[in-house]
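Colleague:
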Amino acid sequence: HPATKKPLGPEDLSPIFPMACIEQEMSSQHRIEIPEEVLKVYTQYRPTPLHRAYRLEEAIGTSAKIYYKNESFSPPGSHKPNTAVPQAYYNKKEGVKRLATETGAGQWGSALAFGCKMFGLKCTVYMVGISYDQKPYRRLLAQSWGAEMFRSPSNKTNFGRKILQEDPNCLGSLGIAISEAIEDAVTHEDTKYSIGSVVNHVLLHQTIVGLEVEKQLQKAGEKPDIMIGCVGGGSNFSGFFLPFVPRKL
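The structure is reproduced here in structure tokens:
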């Protein structure tokens with residue numbers, strides 16, 4: 004906790020997250036069941052394919068077998084709905100009416116818009132200003148699922164107005180957009196905050212990727228020697244490799 008310097012407790016997180024996600028954040032359970040309603044949405048695009056990169060193997064002259072997991076098959080086109088869908092479900096179940104979030108390039112914002120659409124929630128997205136200007140199609144995709152999009156910093160929040168007063172031409176940042184989304188959530192009783200990476204419950208939801216990879220490799224008669232992935236906030240790579248960690252423990 005930034006004020007007390009002590010570990011965060013459920014009471015600290017309850018203003019922004021639903022209790023189900025808080026419980027998952029603190030959970031020590033080995034496995035947590037995926038709700039049936041979430042599975043129904045997942046089946047629109049899961050399991051996603053595992054491809055073998057024959058041409059890449061040939062191009063680099065390797066005897067290794069290279070496989071890659073293709074998460075672009077989801078409606079928003081990324082791995083992000085793997086957590087957006089359950090987060091929307093848990094919030095809906097607890098009576099939340101609207102979710103507020105931030106987005107940079109728009110992948111997470113469009114994924115949450117999709118998740119909210121699946122469960123009848125309103126969605127507000129604060130999009131980093133420069134991306135809002137440069138990536139209109141990702142913004143339009145989120146809006147097609149009913150999301151309310153704001154260029155961040157915006158005039159909708161006190162923090163956004165403060166930034167604009169200091170610099171009317173501010174191009175925004177992910178930190179500013181996060182601050183606006185959290186302010187929106189804590190100042191409206193019917194609203195919670197949703198995040199697309201970093202925290203434990205998001206990493207948990209993303210492990211569906213690695214669990215599928217494990218089964219797909221088993222069907223191919225393969226065991227991975229090396230797992231490679233990109234890391235930003237960490238949810239993509241964590242979901243990919245965490246199910247394999249018990250092999251090494």
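Per my numbering, the sequence shown runs over residues 4 to 252. All C-beta atoms in this analysis are idealised placements derived from N, C-alpha and C, irrespective of residue type, glycine included.
Grouping DSSP H, G and I as helix and E and B as strand, with all else coil, what is A145?
Modeller: In this structure, A145 counts as helix in the three-state DSSP scheme.
Colleague: Just the C-alpha distance for K100 and S200, rounded to the nearest angstrom, thanks.
Modeller: Their backbone Cα atoms lie some 22 Å apart in a straight line.
Colleague: Would DSSP call L102 helix, strand or coil?
Modeller: L102: strand per DSSP, three-state reduction.
Colleague: Closer than 6 Å by C-beta to A91: which residues in its own chain qualify, once you throw out the five before and the five after it? Chain order, please.
Modeller: The residues are G118, C119, F122 and L124.
Colleague: Considering just the uninterrupted stretch of the alpha helix (DSSP H) at H208, what are its terminal residues?
Modeller: Per DSSP, H208 belongs to the alpha helix (DSSP H) from N203 to K222.
Colleague: The alpha helix (DSSP H) with L16 in it runs from where to where?
Modeller: Per DSSP, L16 belongs to the alpha helix (DSSP H) from P13 to L16.
Colleague: Do E151 and N190 come within 7 Å of each other at the CB atom, strictly closer than that value?
Modeller: Before going on, a small fix: residue 190 reads as Thr here, not Asn. Cβ atoms of T190 and E151: not closer than 7 Å.
Colleague: In whole angstroms, what is the alpha-carbon distance linking N94 and S157?
Modeller: Answer to the nearest angstrom: the Cα atoms are 25 Å apart.
Colleague: Straight-line CA distance for V88 to N172?
Modeller: The alpha-carbon atoms of V88 and N172 are separated by roughly 35 Å.
Colleague: Please name the residue, chosen from T194, V205 and L53, that lies closest to Q221 on a Cα-to-Cα basis.
Modeller: Nearest C-alpha to Q221: L53.
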